[in-house]
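Notes follow once the structure below has been shown.
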Amino acid sequence: MSWKINILLIGVFLLLFQGCGQKEKQAEQEQYFSTKHLIETHELADWMAKGQSFTLIDFRKEAQYLQAHIPGAVQVWRPALEDSSFVYGGMMASRKQLEETLCSLGARNDVPIIIYDDNGACEAARLWWVLLVNGESNTKILNGGLTAWKADGHATENGHKEVAFSNYRLPETGNKPLYIAKDEVKEALNRNVVLLDVRSEDEYTGIIQRKSSSRPGRIPGAVLLDWAHAIDYHGTKRFWDINTLRQKYEGIGITPDLDVIVYCQSGVRSSHTTFVLTQLLGYTKVRNYDGSWREWSFHTELPIETGQLTKVVNKNYK
């Protein structure tokens, strides 16, 4: 009889040990989710159920929004955030234009702004970055966006939503440490700064040239890590856990102690990587190049590289 009791006790102990291990593993994976700029689908659903006030922005094209969106969401797309006075396009809009856009969306200064897309937060992160640079820090990105929302069984709706204009105003001071302009990037080429190109490998090597760029190639000395390595690209579109993210960036030498300048084609994908590095991994010396390759390639006096890679990780996002 005693041996049966001993076996039972051992079994209970193993179950408790396994449960603790799972909880520790879960806690370890979810460390970065404590960031104030990230919200999970179940949290958003809970906010809705409780009637909590917030502005929910669907950052996709209108046709996609009309087909299906999260209940209560309002829609806006890239042109509303862009300064159209530039020849090459894609540059961040003025504060006045941003305020007008947010007023048209019914945004309020006293409630959070939650942003989502269906592209792994790549688009949503651009709006997050633009707002943060201009002083608006009460923002959250929905982890996994519409893809995760639907996968988790939550409802969607279609059609337009009537919006009451608001009197939203951006805070007086912005977060300029996350921003860098062309001339500063040019000066950084001669300093101990890491340039991180987060486009595709073909864009980086110059094999392909997007229509919005003037020349193929990359900024000299840049290392490559496609932005999509940070998410479960072929699955839920959620961000990878903190350990996986560390391995990916530190694996190509992007460590927390470095000064990092991130760029892509037009500052969108690089906004996503800026979010990952600063909000999920806690890097403190990261700046997003707003004009990115569109601007850099347009100015023919600026140097470029093409051809063989400087550094690259495995193409397989998983």
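Residue numbers (the working numbering): 1 to 318. Positions of the beta carbon are idealized from the N, C-alpha and C atoms, including for glycine.
For Leu132 and Cys264, the gap between their C-alpha atoms comes out near 19 Å. When the Cα atoms are used, Val74 and Gln308 turn out to be separated by approximately 44 Å. For Lys237, the secondary structure class from DSSP, reduced to helix, strand or coil, is coil. Under the three-state reduction of DSSP, His160 is assigned to coil, being neither helix nor strand. An exposed status is given to Gln247, since fewer than 16 other beta-carbon atoms sit within 10 Å of its beta-carbon. Residue pairing from DSSP places Arg287 in a beta bridge opposite Ile261.
Pairwise C-beta distances place the region 81 to 101 in contact with the region 289 to 299, as three or more of them are shorter than 8 Å. Classified as buried, Leu224 has 16 or more neighbouring CB atoms from the shown chains inside 10 Å of its CB.
The beta carbons of Gly144 and Thr236 sit about 5 Å from each other, so the pair counts as a contact at 8 Å. Lys36 and Trp129 have their C-alpha atoms roughly 14 Å apart. A Cβ-Cβ distance of about 5 Å is found for the pair Thr41 and Trp149, placing them in contact under the 8 Å criterion. A distance of 7 Å or more separates the beta carbons of Lys96 and Ile114. Its chain contains Trp129, Leu178, Val262, Val286 and Asn288 as the residues whose beta carbon lies nearer than 7 Å to that of Thr274, once the 5 sequence neighbours on both sides are disregarded; these appear in chain order. Annotated as distal: Ser212 and Phe298, with beta-carbon spacing of 7 Å or more. DSSP, reduced to helix, strand and coil, places Leu146 within a helical segment of the structure shown. Per DSSP, reduced to three states, the secondary structure at Leu225 is coil, with no helix or strand assignment. One Cα belongs to His69, the other to Lys161, and the distance between them is close to 10 Å. For Asp197, the enclosing beta strand (DSSP E) starts and ends at Val194 to Asp197. Beta-bridge partners assigned by DSSP to Asp110: none are found. Leu281 sits away from Leu258, with the two beta carbons spaced by 7 Å or more. In summary, Asp110 is exposed, with fewer than 16 beta-carbon neighbours lying within 10 Å of its beta-carbon over all protein chains present. Remark: C-beta atoms of Pro303 and Pro220 approach each other more closely than 7 Å.
Every unbroken stretch of the alpha helix (DSSP H) spanning 4 or more residues and falling wholly within the region 65 to 108 is given here in chain order: 95 to 104.
DSSP places Tyr116 within a strand segment (E or B) once states are collapsed to three.
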